[in-house]
Each structure stands twice: as structure tokens, then as C-alpha cells.
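**Q**
Chains as they are written, first to last, in our numbering: chain R, 469 to 779; chain H, 202 to 436.
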């Protein structure tokens with residue numbers, strides 16, 4: 469019983485970060501309909517950005533070992549957002565948005581090849597620049613825990629770093645929801661996602677909306693990456709391990725639903741941690757996909773699939 | 202206000218519009234009628250910039266419209282109520298109207314515009330928090346018109362507002378349009394297949410067939426024309 473609650477807690481903690489990671493991808497897919505294979509590698513860049521901001525740029529000296537990593541992680545968001553902005557400007561915009569709106573398949577083939585190419589360049593470029601040694605953003609909090617309880621003679625231990633990761637994820641998620649639902653920019657992003665042509669008639673620059681979504685998506689996933697890096701070591705090819713989870717989360721949440729992507733990621737985190745109760749750890753990912761298939765079998769639209777199709 | 206001269210446009214080598222010239226004066230209500238495939242929607246898409254013309258010129262309010270990027274055209278005062286309504290399905294009615302008011306003038310006049318829109322189309326007020334995608338065709342059409350009005354346009358372009366609607370709903374929408382025009386004096390350009398109604402309410406009409414303007418005139422001239430009577434009015 470204690471094991472169950474411990475796994476549940478661990479699942480919620482990691483699930484929130486997975487959720488944030490999926491939201492970054494879900495935002496890009498939801499607004500632009502671009503399948504971004506390189507998203508895991510943008511996350512890898514986010515991890516390294518946080519790492520170097522912490523160790524090399526002076527965040528460690530300024531904020532110390534406890535707060536410093538989280539400051540660096542939050543700063544990695546804007547860094548990757550700017551990077552994403554320019555990647556969209558230079559590359560992605562050429563095969564998406566209004567330029568390809570009238571093409572058959574809306575340029576999806578070119579998008580697949582392009583983002584796959586970007587992924588390869590980032591992975592191998594990362595290998596050249598960062599090397600193949602495992603890196604990590606350790607904080608003293610990574611190896612300490614809060615004890616909840618005892619309730620009914622059970623105590624649950626919450627890893628401090630992961631708990632803060634969850635709080636940061638939820639905070640960003642709330643800010644993003646407010647941005648998407650309440651602000652003019654957020655509403656115009658949703659309008660551009662719903663019907664790009666009609667959005668143009670309203671005076672919304674759809675390509676600029678896409679660029680905003682892409683930059684935001686990269687920034688958000690970068691922060692999620694940095695948060696994961698407080699507990700998991702990383703390397704230039706780490707994106708591959710996560711991009712599958714991201715897509716599973718986005719599909720589970722319902723393609724096109726931004727909030728859904730968060731719950732999709734949360735589900736994956738929970739399944740991954742709970743599965744350790746009955747399965748050997750090597751089968752964690754197999755368990756994720758078994759549950760994934762099961763959910764999709766019963767609910768093909770995902771949790772929050774659009775109730776109305778895009779016109 | 203809107204002057205289209207010798208406009209040609211199409212999707213491939215074969216032009217859909219051929220040397221089309223149309224004039225809309227300030228305060229006028231102009232109707233363009235014609236059969237399916239005559240190029241009416243293509244004409245509107247060219248004005249809005251979704252289709253690039255192969256020749257000709259479009260002047261709006263003294264501005265060379267073809268030199269203006271498509272998303273900027275709404276900001277000049279052109280509101281396009283597109284064929285098939287094209288409301289934003291996952292946005293609420295209110296949010297759809299807000300999207301209409303993305304223009305500077307729409308933002309400035311938001312409060313007074315929204316009051317008038319709700320007065321003209323009360324169903325939008327009743328359903329302000331409903332998702333647009335869950336509304337009926339007629340309601341969506343009213344929302345599309347309201348969304349166009351929310352931008353405080355100088356020119357309201359309506360592409361077949363009666364398409365796919367029950368006759369009674371289409372009649373209602375027509376009546377509303379005439380009221381809106383009478384009360385606001387708004388310049389309107391209407392594309393319609395319901396020729397009799399369109400010509401009745403418009404000041405000036407054009408008949409577009411296979412990409413050419415084959416006839417133009419005020420509604421008396423058009424309704425007196427034998428070809429129009431036979432082909433469109435069934436007389």
C-alpha cells in the first residue's frame with residue numbers, strides 16, 4: 469500500500485513535467501499542424517542551455533546551488549524561444565503556413581523531411597559541440613526529500629527537486645492557459661489554428677501567429693527539459709527518448725488540444741511510475757504504450773479531441 | 202470606394218476571372234450575381250488577397266490594394282464574410298466577435314459595435330458563451346456577419362450569406378442585412394445566387410458569367426433585361 473502511494477506521488481510529480489513537455493509540442497501542432505520531429509532535440513538544447521547558463525554564464529555564482537538551477541532553467545525558456553523563432557523564420561515558415569496552404573497535403577511531406585533533417589543536425593551538432601559525456605543539472609535538492617505523513621503509519625517521500633519541478637510546471641501551465649484563453653494574442657492563435665483563411669480575413673497575420681506558437685512551444689519544452697535534467701542525466705541524443713513520449717502525450721490528450729496535451733503527459737508519467745509496482749523497470753516504456761493503445765482503442769480522439777472538426 | 206479594373210485571376214493557367222471591372226461607390230449596395238463557378242468567390246478571395254491576380258488593379262479608398270499584404274487588408278476597412286460562414290468553431294460567439302474586432306477601428310468602437318450587433322442579431326447575445334461550432338448554419342451565418350461588422354468596416358463583403366440555409370432563415374438574414382444597411386449606411390458588396398432578392402435590395406448589380414461581367418446596371422435595368430429575367434428570375 470505504501471508502495472502504491474509512493475508510486476502515485478512520483479507519477480504525479482514526473483507527470484506534471486511530462487505534461488509541460490507535451491504542451492510545448494501540442495501548442496505547435498495545435499496551432500500550425502506541423503509535425504515537428506525535432507522537438508525532442510529542441511528540448512535537448514533547452515537542457516544544455518540551462519546547464520551552461522547555470523555553470524558557465526554565472527547563474528550558479530549569483531544564485532547559488534539551490535535556487536541557481538531553477539533560475540537557469542527558467543532562463544533557458546526564452547533562449548530556446550528565440551532560437552525557435554529564428555528556426556521558424558528561416559526554415560519552417562518555408563514549408564508551412566500561407567506559403568503551402570494551397571498545396572496538396574499543405575506541405576506536410578516537406579515538413580516531415582525538414583524537421584527530421586533539423587533533428588539530425590541538432591543531434592550530431594550537439595555531439596560535436598557538447599560531447600558525448602553525460603551531463604546533469606544536480607542540485608542539493610535532487611537528493612533530498614520531504615516526508616509527508618505519517619498517515620495511518622505510512623509516510624510518503626517527495627523528492628524536493630521533483631516537487632519544485634512540478635510546481636514550476638504547474639505555474640507555467642497556468643500562465644499559458646491564461647495567455648491562450650484570455651489574451652488577444654492567445655485568442656488570435658486559436659483563431660489561426662481553427663481557420664487560417666478566415667483568420668487572415670480578420671486581419672490576423674497567420675504566419676506571425678505560427679511563429680509565436682513555434683517560439684512559445686520551443687520555450688516551454690526547453691523549460692520542461694531543464695526540469696527533467698535536475699533528476700535525469702542527459703546527452704545530445706536524449707531528444708529521441710522523449711520525442712516519442714511527447715507524441716504519445718499529445719495524441720492521448722487529443723490532437724489539437726493544448727490543455728489536453730498536459731493531461732496526456734500527466735497520464736504517461738503516472739503510468740510509467742505506477743507500472744514499476746508490477747513490472748520490471750525495463751518495461752516502463754512498454755507499459756506506457758500498452759496503456760496508450762488501450763486508451764486510443766476506446767477513445768480514438770484522445771481525452772480532449774476537438775468536438776468540432778476544423779472547417 | 203472600391204474600384205476593380207481589368208482584373209484577371211485563377212488557380213492555374215486557366216483564369217477564373219477575365220478582365221473584370223467593378224465599381225463600388227461609398228455608401229452603395231452592390232450585388233454581383235451569377236451561376237455557380239462564375240468566379241464570384243474567386244473575386245472576393247482576390248480582394249482579400251488569398252488568391253493572387255494575374256493582371257489588373259484593385260484600388261480601395263485610394264490605396265493600391267494589391268500592394269497591401271493580405272492580413273493588412275482588413276485593417277484598411279475591408280470585412281470579408283466568407284462563403285460557407287467559416288466561423289472559428291472552437292471559439293465562443295463572443296471570442297469570434299472579438300476576432301472580428303482585431304482592427305484598430307474595431308477595437309476603438311468595440312463597445313458601441315457590440316451593442317448594435319446584439320440589437321441586430323439578438324441570437325448572438327443569447328448564445329454569447331456557446332462554441333461557434335455547435336451552432337446551426339443560420340446562427341453561424343449571423344455570427345459571420347456580426348464578426349464582419351465588429352471590425353467597423355468601410356466595406357462589408359458578403360459571400361452568399363444564404364448558402365445552405367432554409368429559405369425562411371435566408372429571408373430573415375436578407376431582411377437583417379437591409380436593416381443594417383438602412384441604419385448604418387454601410388457600403389456593401391454582396392455575392393448571391395438568390396438573384397431576385399439580391400437585385401431587389403441592391404443599388405447596382407453586376408452579372409458575372411464564366412469569369413466575365415456580362416451585364417451591369419441599376420436594379421431596374423437588370424430586372425428589365427430579358428436574359429436576366431429568363432435565366433435568373435424565371436420569368
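Note that the Cβ used here is the ideal one computed from N, Cα and C, for glycine as well.
Values in this document were obtained by computation on a predicted structure and should not be read as measured data.
Mind checking who residue 388 of chain H pairs with in its DSSP beta bridge?
**A** Looking at the DSSP assignment, residue 388 of chain H forms a beta bridge with H/356.
**Q** Distance check for residue 418 of chain H and residue 434 of chain H, CA to CA, integer angstroms please.
**A** Distance between the alpha carbons of residue 434 of chain H and residue 418 of chain H is about 16 Å.
**Q** Using the beta-carbon of each residue, which ones in chain H are nearer than 9 Å to residue 650 of chain R?
**A** Within 9 Å Cβ-Cβ: nothing; residue 650 of chain R doesn't reach chain H, min ~10 Å.
**Q** Taking all protein chains shown into account, do 16 or more other C-beta atoms lie within 10 angstroms of the C-beta of residue 388 of chain H, making it buried, or fewer, making it exposed?
**A** Buried.
**Q** Residue 587 of chain R to residue 545 of chain R, Cα distance in whole Å?
**A** Taking the straight line joining both Cα atoms gives about 19 Å.
**Q** Using DSSP with H/G/I as helix, E/B as strand and the rest coil, what is residue 669 of chain R?
**A** Looking at residue 669 of chain R - three-state DSSP - the assignment turns out to be helix.
**Q** Quick check on the DSSP output: the beta strand (DSSP E) that includes residue 220 of chain H runs from which residue to which?
**A** Residues 218 to 225.
**Q** CA-CA distance, residue 272 of chain H and residue 347 of chain H?
**A** Cα to Cα, the separation comes out at about 19 Å.
**Q** Using a Cβ-Cβ distance cut-off of 9 Å, determine whether residue 668 of chain R contacts chain H.
**A** Closer than 9 Å to some Cβ of chain H, the Cβ of residue 668 of chain R qualifies, so yes.
**Q** Can you tell me the Cα-Cα spacing of residue 308 of chain H and residue 302 of chain H, whole angstroms?
**A** In a straight line, the C-alpha of residue 308 of chain H is about 5 Å away from that of residue 302 of chain H.
**Q** Spatial neighbours of residue 286 of chain H within its chain, please: CB distance less than 6 Å, with the 5 preceding and 5 following residues excluded, ordered by chain position.
**A** Cβ within range, chain order: 341, 342 and 345.
**Q** Given that a residue counts as buried once 16 or more other Cβ atoms are within 10 Å of its Cβ, and exposed if not, what is residue 470 of chain R?
**A** So residue 470 of chain R counts as exposed.
**Q** When burial is assigned at 16 or more other CB atoms within 10 Å of the CB, is residue 668 of chain R buried or exposed?
**A** Counting Cβ neighbours within 10 Å, residue 668 of chain R comes out buried, since at least 16 surround it.
**Q** Among residues of its own chain, excluding the 5 on either side of residue 692 of chain R, which ones have a beta-carbon nearer than 6 Å to its beta-carbon?
**A** Excluding residues within five positions, the ones whose Cβ falls inside 6 Å are 485, 488 and 489.
**Q** Is there a Cβ of chain H sitting closer than 9 Å to that of residue 501 of chain R, yes or no?
**A** Not closer than 9 Å to any Cβ of chain H, the Cβ of residue 501 of chain R fails to qualify, so no.
**Q** Nearest to residue 674 of chain R by alpha carbon, out of R/517, R/557, R/565 and R/515?
**A** Cα-wise, what sits closest to residue 674 of chain R is R/565.
**Q** Give me the chain R residues within the contact set of residue 342 of chain H, using Cβ-Cβ distance strictly less than 9 Å, ordered along the chain.
**A** What residue 342 of chain H touches in chain R: nothing, since even the nearest Cβ is about 13 Å away.
**Q** Whose Cβ in chain H lies nearer than 8 Å to the Cβ of residue 665 of chain R?
**A** In chain order: 251, 283 and 287.
**Q** Any C-beta of chain H within less than 9 Å: which residues of the region 669 to 688 of chain R qualify?
**A** For the region 669 to 688 of chain R, which is checked against every Cβ of chain H, the residues closer than 9 Å are 669, 670, 671, 672, 673, 674, 675 and 676.
**Q** Starting from residue 332 of chain H, trace the beta strand (DSSP E) both ways and give me its first and last residue.
**A** Looking at the DSSP string, residue 332 of chain H is not in any beta strand (DSSP E), and its letter there is neither H nor E.
**Q** Can you tell me whether residue 262 of chain H is helix, strand or coil according to DSSP?
**A** In this structure, residue 262 of chain H counts as coil in the three-state DSSP scheme.
**Q** Would you give the residue range spanned by the beta strand (DSSP E) that residue 280 of chain H belongs to?
**A** 279 to 282 is the extent of the beta strand (DSSP E) around residue 280 of chain H.
**Q** State the Cα-Cα distance for the pair residue 522 of chain R and residue 726 of chain R, rounded to the nearest angstrom.
**A** Cα-Cα distance, rounded: 30 Å.
**Q** Could you tell me whether the region 278 to 294 of chain H touches the region 327 to 338 of chain H, using the rule of 3 or more Cβ pairs below 8 Å?
**A** These segments touch.
**Q** For a quick check, are the C-beta atoms of residue 355 of chain H and residue 262 of chain H less than 9 Å apart?
**A** In this structure, residue 262 of chain H lies closer than 9 Å to residue 355 of chain H by Cβ.
**Q** Does the beta carbon of residue 292 of chain H come closer than 9 Å to any beta carbon on chain R?
**A** Interface residue, yes.
**Q** For residue 611 of chain R and chain H, any beta-carbon pair shorter than 9 Å?
**A** No, no contact with chain H.
**Q** Less than 9 Å between the beta carbons of residue 516 of chain R and residue 598 of chain R, yes or no?
**A** Going by C-beta atoms, residue 516 of chain R is nearer than 9 Å to residue 598 of chain R.
**Q** Would residue 301 of chain H pass as an interface residue toward chain R - the criterion being a Cβ-Cβ separation below 9 Å?
**A** Interface residue, yes.
**Q** Beta-carbon of residue 658 of chain R versus every beta-carbon of chain H: anything under 9 Å?
**A** Closer than 9 Å to some Cβ of chain H, the Cβ of residue 658 of chain R qualifies, so yes.
**Q** Is the distance from the Cβ of residue 536 of chain R to the Cβ of residue 687 of chain R below 9 Å?
**A** Not in contact: residue 536 of chain R and residue 687 of chain R (Cβ atoms no closer than 9 Å).
**Q** Expressed to the nearest angstrom, what Euclidean distance is found between the alpha-carbon atoms of residue 754 of chain R and residue 714 of chain R?
**A** Going by the C-alpha atoms only, they are around 15 Å apart.
**Q** How about residue 304 of chain H: is its C-beta nearer than 9 Å to some C-beta of chain R?
**A** Chain R, which has a Cβ nearer than 9 Å to the Cβ of residue 304 of chain H, makes this yes.
**Q** Could one say the Cβ of residue 662 of chain R lies closer than 9 Å to chain H's Cβ atoms, at least one of them?
**A** Yes, its Cβ sits closer than 9 Å to a Cβ of chain H.
**Q** Between which two residues does the alpha helix (DSSP H) holding residue 313 of chain H run?
**A** It spans 311 to 321 - the alpha helix (DSSP H) in which residue 313 of chain H sits, taken as one unbroken run.
**Q** According to DSSP, simplified to helix, strand and coil, what is residue 623 of chain R?
**A** Strand.
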